[in-house]
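Using our numbering, read the sequence shown as starting at 12 and increasing by one per residue. Backbone N, C-alpha and C fix where the C-beta goes; we use that ideal spot for every residue, glycine too. Written out below as structure tokens is the structure these notes cover.
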Amino acid sequence: MFAGWQAQYDFSEFLTLGSELYFHTAATTEDKAITGFTIGGSLNFTEHIHLIFQADIVSSMKIWQPLILGFTLPTDSKMWKLCKYFFKIIDHKR
């Protein structure tokens, strides 16, 4: 079972911040249940370029801090159509 609560706020067009509190039960009898807290956000440089960051603290006191440079594409762009075609090929190979 997974349960959580999330809040997010757009401080401006440039900055979005949020946090999440979650609980995940053990998947097997050898595993432990996990309680975690995540804080993160994004810096939106343009409509299509975002720097996404997060810090995830779980009950075992492990901290995970990914930093991702993300790109979003308008659905009418040639690059979007190329990506859509590429992922369709990958999906068919499964």
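(request) Measure the CB-CB distance between Phe48 and Leu32 and report whether it falls below 8 Å. (result) It is a contact, given that the beta carbons lie within the stated cut-off.
(request) Would you mind working out which of Ala44, Leu26 and Ala37 sits nearest Gly51, comparing C-alpha positions? (result) Comparing Cα-Cα distances from Gly51 to each of Ala44, Leu26 and Ala37, the minimum goes to Leu26.
(request) Measure the C-alpha to C-alpha separation of Asn55 and His35 and round it to an integer number of angstroms. (result) Inter-residue distance for Asn55 and His35 is about 31 Å (C-alpha atoms, whole angstroms).
(message) To the nearest angstrom, how far is the alpha carbon of His59 from that of Thr83?
(response) Rounded to whole angstroms, the gap between the alpha carbons of His59 and Thr83 is 5 Å.
(request) For Ser88, count neighbouring C-beta atoms within 10 Å of its own C-beta (all shown protein chains included) and say buried if the count is 16 or more, exposed if not. (result) Classification for Ser88: exposed.
(message) Helix, strand or coil for Ser88? Go by DSSP, reduced to three states.
(response) DSSP, reduced to helix, strand and coil, places Ser88 outside both helices and strands of the structure shown, so it counts as coil.
(message) Let me check understanding here. Comparing Cα to Cα, which of Ile79, Ser53 and Gln65 lies closest to Phe22?
(response) Closest option to Phe22, judged by alpha-carbon separation, among Ile79, Ser53 and Gln65: Ser53.
(request) Rank Ile79, Gln17 and Val69 by C-alpha distance to the C-alpha of Ile45 and give the top, closest one. (result) It is Val69.
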